[in-house]
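Presented below is the structure to which this report refers.
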Amino acid sequence: MLKNPRNKCLVCQSPLVGRRDKRFCTDSCRSIHHQQLKKELPPVIKRVNQILLSNREILAELNPEGKKTLSRDTLLRKGFDFRHFTHQVRTRTGNTYQFCYDQGYIIFEDDKVVLVRQEQETPKRK
Ligand SMILES: [Zn+2]
Numbered sequence: 057m058l059k060n061p062r063n064k065c066l067v068c069q070s071p072l073v074g075r076r077d078k079r080f081c082t083d084s085c086r087s088i089h090h091q092q093l094k095k096e097l098p099p100v101i102k103r104v105n106q107i108l109l110s111n112r113e114i115l116a117e118l119n120p121e122g123k124k125t126l127s128r129d130t131l132l133r134k135g136f137d138f139r140h141f142t143h144q145v146r147t148r149t150g151n152t153y154q155f156c157y158d159q160g161y162i163i164f165e166d167d168k169v170v171l172v173r174q175e176q177e178t179p180k181r182k
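So for the sequence shown, the numbering used here puts the first residue at 57; every next one is plus one.
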C-alpha cells in the first residue's frame, strides 16, 4: 500500500481523517482515481510514442560515445523509422538535424548518417 504522507485526498485534496494509509476521502474519489488510471491514450498517440521511444533507443544504442557515422541501412535494419522525430535543430552552417528526444541525426546525400547527442542540461539546484 502506498502511504499518503500529506494526509490529503489524492483526488480532491480534502484532509483525511482516520486510518493512516487512507488515500481518498470517499469511495467516489477512489473510483475517480481508478478511472483516471484506466484512461487510455488514443491508439495513434500510443503508436507514435512507441516509435519515437524505439527510435531513441536505437540511436542511443548505436551512438554510445555521442558522435558516430554509419549508413542509413544500419538504422533501417534496426527498425528505425525515419518518418518520426521529435524536433529539428538547424546549425549555423545550415545543416538540419532531426532529433528523437536527446538523440539526433543528419542524413547526407551518400546515405551516410551522422549521429549526435544533445548535451545534457545540468539540473538546476534549488
Ligand atoms: Zn476526495
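Note that beta-carbon positions come from the ideal geometry of N, C-alpha and C, so glycine has one too. On a predicted model such as this, the values are computed, not experimentally measured, just so you know.
Could you tell me the distance, in whole angstroms, from the CA atom of Thr-147 to the CA atom of Tyr-153? Here the C-alpha atom of Thr-147 lies approximately 8 Å from the C-alpha atom of Tyr-153.
Span separating the alpha-carbon of Gly-135 from that of Asp-129: 10 Å
Comparing C-alpha positions only, which one of Pro-98, Val-145, Val-170 sits nearest to Glu-121? Val-170
So if DSSP puts Ile-163 in a beta bridge, which residue, or which two residues, is it bridged to? Checking the DSSP bridge columns, you'll see Ile-163 partnered with Val-169.
Return yes when the Cβ of Gln-174 is within less than 8 Å of the Cβ of Arg-112, no when it is not. Using a Cβ distance threshold of 8 Å, Arg-112 and Gln-174 do not count as a contacting pair.
Cα-Cα, which of Pro-71, Cys-65, Val-172 is closest to Asn-119? Comparing Cα positions, the closest option is Val-172.
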